[in-house]
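Asks:
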Amino acid sequence: DPQLGFSIHQPQGWAGSFDEDGFTMGQFDPLSEGIVSPRVEVIVHGVTDGHTPKSICEAAIEAKAAEGFTMTVISHNETQLAGVDGYEFVVRKEHPGDDTVAGHSWIEMARVIAVDKEGEQQNMIALVVRSCDADVEKTKVIMESIAPTLKLTPGSAD
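Mapping of the sequence shown onto our numbering: residues 18 to 175, in sequence order.
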């Protein structure tokens, strides 16, 4: 999407759609109560200067915990995405409540980079892989197959 500043390859058989914050794609599993898993999102948000990919990841985890989710950090480290230095978190997320996904454990793996824009602004670009009732290694395999297809386009710095 040139307006959001990235392109990504959608695996065959996956459904996908754009929204104002990025792109979501996934694979519907008819045996899992209608849950889309795996689910992959590319999220683009403007952030003020001074935020780092690590601080953005930490803030996202804290926000979900404040909503009542149980967030267990499995690992975190520096990484790259689209050739840009960034940060990666892997968490286990437990959903509260009694909706469709309650009672399921999700592995979420996020790679986050910050791309300079004009002035004091940056775009945070996050590639997030969510897998329901999966193990960490299966989620990493999905990330490693999709992450290399994410490319920054000329609009990413505007």
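Glycine is no exception: its CB is placed at the ideal position from the N, C-alpha and C atoms. The model shown is predicted, which means the values in this text are computed figures rather than measured ones.
Can you name, in chain order, every residue of its own chain whose Cβ lies under 8 angstroms from the Cβ of Val-90, other than the five neighbours on each side?
Replies: Excluding positions up to five away in sequence, the list reads Ile-78, Phe-106, Val-107 and Val-108.
Asks: Should Ala-127 be labelled buried (16 or more other beta-carbon atoms within 10 Å of its own) or exposed?
Replies: With 16 or more Cβ atoms within 10 Å of its Cβ, Ala-127 is classed as buried.
Asks: Quick one: what does DSSP say Ala-131 is sitting in, helix, strand or coil?
Replies: Correct three-state label for Ala-131: strand.
Asks: Restricting to Cα atoms, I'd like to know which of Val-158, Ile-124 and Val-129 is closest to Asp-150.
Replies: The shortest Cα separation from Asp-150 among Val-158, Ile-124 and Val-129 belongs to Ile-124.
Asks: Taking all protein chains shown into account, decide if Lys-110 is buried (16 or more other Cβ within 10 angstroms of its Cβ) or exposed.
Replies: Lys-110 is buried by the Cβ-count criterion.
Asks: In this structure, how does DSSP classify Lys-151 when only helix, strand and coil are distinguished?
Replies: The sequence given here has Ala at residue 151, not Lys. DSSP places Ala-151 in coil when its eight states are reduced to three.
Asks: Note the first and the last residue of the continuous beta strand (DSSP E) segment covering Glu-111.
Replies: From DSSP, the beta strand (DSSP E) with Glu-111 extends over 101-111.
Asks: Can you list, in chain order, the residues of its chain whose CB lies under 7 angstroms from that of Tyr-27, leaving out five sequence neighbours each side?
Replies: Contrary to the premise, residue 27 reads as Gln rather than Tyr in this sequence. Once the five neighbours on either side are set aside, the close Cβ partners of Gln-27 are Gly-33 and Met-42.
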